[in-house]
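Inspection log for the structure reproduced underneath, given as C-alpha cells.
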Amino acid sequence: MTTTLLIRAGLLFTGEREIEGGWVFARDGMIAEVGSGDPPPADEVINSPNCVAVPGLVNAHDHMYQWATRGYAPDGTLFEWLRALYQVWARIDADIVRVAARAAMSRLLLSGCTLST
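Numbering that gives the first Met the number 0 applies: residue 0 is where the sequence shown begins, and numbers increase by one.
Structure representation (C-alpha cells):
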C-alpha cells in the first residue's frame, strides 16, 4: 500500500532556490515532488510554518579531495594514517582534486545527500 507524506514549511531550500511557503511531498519514503502553491493530497501532513525544510540529507563536513587516497594508507592509528597521507595530499594537483570531488559527490548523491559544504 502506498503511503504519502506532505511537509509544509515556511521556507523550502532545494539547494538551487528558496521557496517561501514551500512543501515537500514524499511517496513511500521517497521525495516525489517539491513545490509551492496547492500540494497534492497526502495521508499525513506536517505543518511547520516557522521552519526551513531542506529535502534530502545535508553533509556538513567533508574532505572530498581525500577520495583520491581511499584505501591508500595501511591500518593504524589516526596519527599514523595522517602522517602517511599528509605527504601524498601535499602533492595532489587541481585535476586530482576535481576528479576526487566528483567521485565524492557521486557517492553522496547515491546515499541521498543533496547538499554538501
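Glycine is no exception: its CB is placed at the ideal position from the N, C-alpha and C atoms.
{"Item": "Please list, in chain order, all residues of the same chain as Gly14 whose beta carbon is under 6 Å from its beta carbon, the five residues on each side excluded.", "Value": "Thr113 and Leu114"}
{"Item": "Suppose only complete runs of 3+ residues qualify. What are the beta strand (DSSP E) ranges in the segment 35–80, listed by chain order?", "Value": "43–52 and 56–58"}
{"Item": "Which two residues bound the contiguous alpha helix (DSSP H) that contains Ser105?", "Value": "Ala93 to Leu109"}
{"Item": "Please work out which residues of its chain come closer than 8 Å, Cβ to Cβ, to Pro39, disregarding the five sequence neighbours upstream and downstream, and give them in chain order.", "Value": "Thr3, Leu5, Phe24 and Glu32"}
{"Item": "Out of Gly9, Leu107 and His60, point me to the one whose CA is closest to Ala52's CA.", "Value": "Gly9"}
{"Item": "Excluding five sequence neighbours on each side, which residues of the same chain lie with their C-beta closer than 6 Å to the C-beta of Pro48?", "Value": "Gly9"}
{"Item": "Taking only heavy atoms of the ligand PLP into account, decide whether any of them is closer than 7 Å to the Cβ of Asp94.", "Value": "The ligand PLP is not part of this structure, which contains no ligands at all."}
{"Item": "How about Ala93 and Trp66: are their beta carbons less than 8 Å apart?", "Value": "no"}
{"Item": "When you compare the CB positions of Asn58 and Thr116, do they come within less than 8 Å of one another, or not?", "Value": "yes"}
{"Item": "Can you list, in chain order, the residues of its chain whose CB lies under 7 Å from that of Gly111, leaving out five sequence neighbours each side?", "Value": "Gly55 and Leu56"}
{"Item": "With a threshold of 16 other CB atoms inside 10 Å of the CB of Arg7, please say whether the residue is buried or exposed.", "Value": "buried"}
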